[in-house]
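Using the numbering used here, you'd call the opening residue of the sequence shown number 24 and step up by one each time.
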Amino acid sequence: MQNSEEEETIIEAKASMTQEQLKTHTMLMMTEIVLKQFVENIMLNIEIVPVDDKQNVIVSLRASEFLKESTLLKDSYNLLKEIQHVEEINDITLKWFMPVKNNNTELLTVTFDDEALAAINEISYKDIPQAATQYIKHEHLD
24 MQNSEEEETI IEAKASMTQE QLKTHTMLMM TEIVLKQFVE NIMLNIEIVP
74 VDDKQNVIVS LRASEFLKES TLLKDSYNLL KEIQHVEEIN DITLKWFMPV
124 KNNNTELLTV TFDDEALAAI NEISYKDIPQ AATQYIKHEH LD
């Protein structure tokens, strides 16, 4: 019985959050997930766009210098497995960048809507190109 009371309290607290508070909460959760997955801070930016009571989130990440598409897919998969637990997300876009001639150049863009994200445990990292709502591999990758 105590669990349902705690859950109810959490639901009430979330319902009373303003859009700005919800945005801050989501930003903190995303930052925590990225920092937990990687030794260094690879996050370049987080953009959050409110959609009703949920949010579209775009996370820009810095890739290492020596990588392949499979490395980014594995890293994306590990992040998505954690991100799926953030209830406020309507869709999530991961944009991977790498410095090319002193400019951050986009390598890979992966978007999952909430339905595709909910099914992330049913696929392998190799299935991301087919499972993603949007998958764009840019010319500088591989």
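Ideal Cβ placement from N, Cα and C applies to all residues, glycine included.
Coarse secondary structure for residue i, derived from DSSP in three states
i	result
Thr54	helix
Met24	Residue confidence for Met24 is low, a pLDDT of 44 falling below 50, so the modelled location carries little weight; the figure read from the coordinates is stated next. Looking at Met24 - three-state DSSP - the assignment turns out to be coil, as it is neither helix nor strand.
Leu45	helix
Lys91	coil
Ile65	coil
Glu162	coil
For residue j and residue i, the rounded distance between their alpha carbons
i	j	result
Asp136	Thr41	23 Å
Asp114	Glu138	9 Å
Lys118	Glu28	39 Å
Thr156	Lys124	31 Å
Glu43	Leu103	24 Å
Ser147	Asn126	32 Å
Ile65	Ala86	7 Å
Glu63	Leu95	16 Å
His161	Lys149	17 Å
Leu84	Ile151	17 Å
Ser93	Ile159	14 Å
Beta-carbon gap between residue i and residue j smaller than 7 Å
i	j	result
Ile81	Lys46	no
Thr128	Met121	yes
Ile56	Glu105	yes
Gln58	Gln107	Inspection of the sequence shows that residue 58 is occupied by Leu rather than by Gln. Not a contact, by the Cβ cut-off of 7 Å.
Glu145	Thr49	no
Exercise for the section: Kindly confirm or deny that the stretch 62 to 77 and the stretch 99 to 107 touch, where touching means at least three C-beta pairs closer than 8 Å. Expected result: no
Handout entry: Segments assigned beta strand (DSSP E), at least 3 residues, entirely inside the stretch 96 to 149
Key = Restricting attention to beta strand (DSSP E) runs no shorter than 3 residues, the stretch 96 to 149 encloses them at 112 to 123, 126 to 136, ordered along the chain.
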